[in-house]
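Novice: Attaching a single structure in structure tokens format; questions to follow.
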Amino acid sequence: MKVLGPLAKEGKINQDASLRDSQSTIINAPIDKVWDLMIDFNTWPDWNEEIKSIEIEEVKVGSVFKWNINGSSIKSTIRQIKEKELISWTGTAMGIKAIHVWKFEADGNQTIVTTEESIQGFLTVFFGHQKLHSSLLNWLDQLRKKAEN
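The sequence shown runs 0 to 148 under numbering that gives the first Met the number 0.
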């Protein structure tokens, strides 16, 4: 099994994982506003209804955060932060291991946001690609709504 931390640090998901998905959107807001929303982890539950809680002391590479999304309690570690460009973390929950990568690109007064996630482990059979796909799309949609508001 691949070691996930180094992949996430490079801004890559595990292409060999049993579940993978990548989604993008264009947000009609400047990159500064979009970045500020994503880097302020503690406010995620305020604008993303799937995230019920999050506990993080400091948003920096190596920080561990605990959060609850869609009823799953996850323990994650921030692996990379490149300002206004990339955020990535690894996470574990119930024997499932994941890498989640967010990429940001300014395009005039708009921001192109891409999110990718890979999930591996025995219990992925109960998770399913459609659930991952829907979760990524919803998160992008919630981010877009908040940033454009």
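For every residue, glycine included, the Cβ atom is placed at its ideal position computed from N, Cα and C.
Less than 9 Å between the beta carbons of G94 and G120, yes or no?
Specialist: Taking 9 Å as the Cβ cut-off, G94 and G120 qualify as a contacting pair.
Novice: Keeping to the same chain, check which residues put their C-beta closer than 6 Å to that of M0; ignore five residues upstream and five downstream.
Specialist: Note on M0: pLDDT 47, under 50, position unreliable in the model; the coordinate value appears next. Cβ within range, chain order: n/a, list empty.
Novice: Tell me whether E116 is buried or exposed, calling it buried when 16 or more other Cβ atoms sit within 10 Å of its Cβ.
Specialist: Counting Cβ neighbours within 10 Å, E116 comes out buried, since at least 16 surround it.
Novice: Residues bridged to F64 by DSSP?
Specialist: For F64, which the question treats as bridged, DSSP gives the partners S75.
Novice: Buried or exposed for I25, please, with buried defined as at least 16 other CB atoms from any protein chain shown within 10 angstroms of its CB.
Specialist: Under this definition I25 is an exposed residue.
Novice: Count the other CB atoms within 10 Å of the CB of V63; is the residue buried (16 or more) or exposed (fewer)?
Specialist: With fewer than 16 Cβ atoms within 10 Å of its Cβ, V63 is classed as exposed.
Novice: For Q14, which of T76, W66, N137, V100 has the nearest alpha-carbon?
Specialist: Ranking the options by Cα distance to Q14, first place goes to V100.
Novice: Under a three-way DSSP split, which group does L136 fall into?
Specialist: Helix.
Novice: Three-state secondary structure (DSSP) at A146?
Specialist: Helix at A146.
Novice: Residue range of the alpha helix (DSSP H) that K83 falls in?
Specialist: From DSSP, K83 is part of no alpha helix (DSSP H); its letter is neither H nor E.
Novice: Taking contact to mean at least 3 C-beta pairs separated by less than 8 Å, is the region 28–38 in contact with the region 122–136?
Specialist: As far as the Cβ criterion goes, the region 28–38 does not touch the region 122–136, which means the pair count is below three.
Novice: What three-state label does DSSP hand D20 in the structure shown?
Specialist: In this structure, D20 counts as strand in the three-state DSSP scheme.
Novice: Suppose contacts are defined by Cβ-Cβ distances below 9 Å. Is I98 in contact with L6 by that definition?
Specialist: Yes, they are a contact pair.
Novice: For T123, which residues does DSSP report across the bridge?
Specialist: DSSP output for T123 lists no bridge partner at all.
Novice: Looking only at its own chain, which residues have a Cβ that is under 6 Å from the Cβ of I80, when we skip the five neighbours before and after it?
Specialist: Here the set comprises V60, I86.
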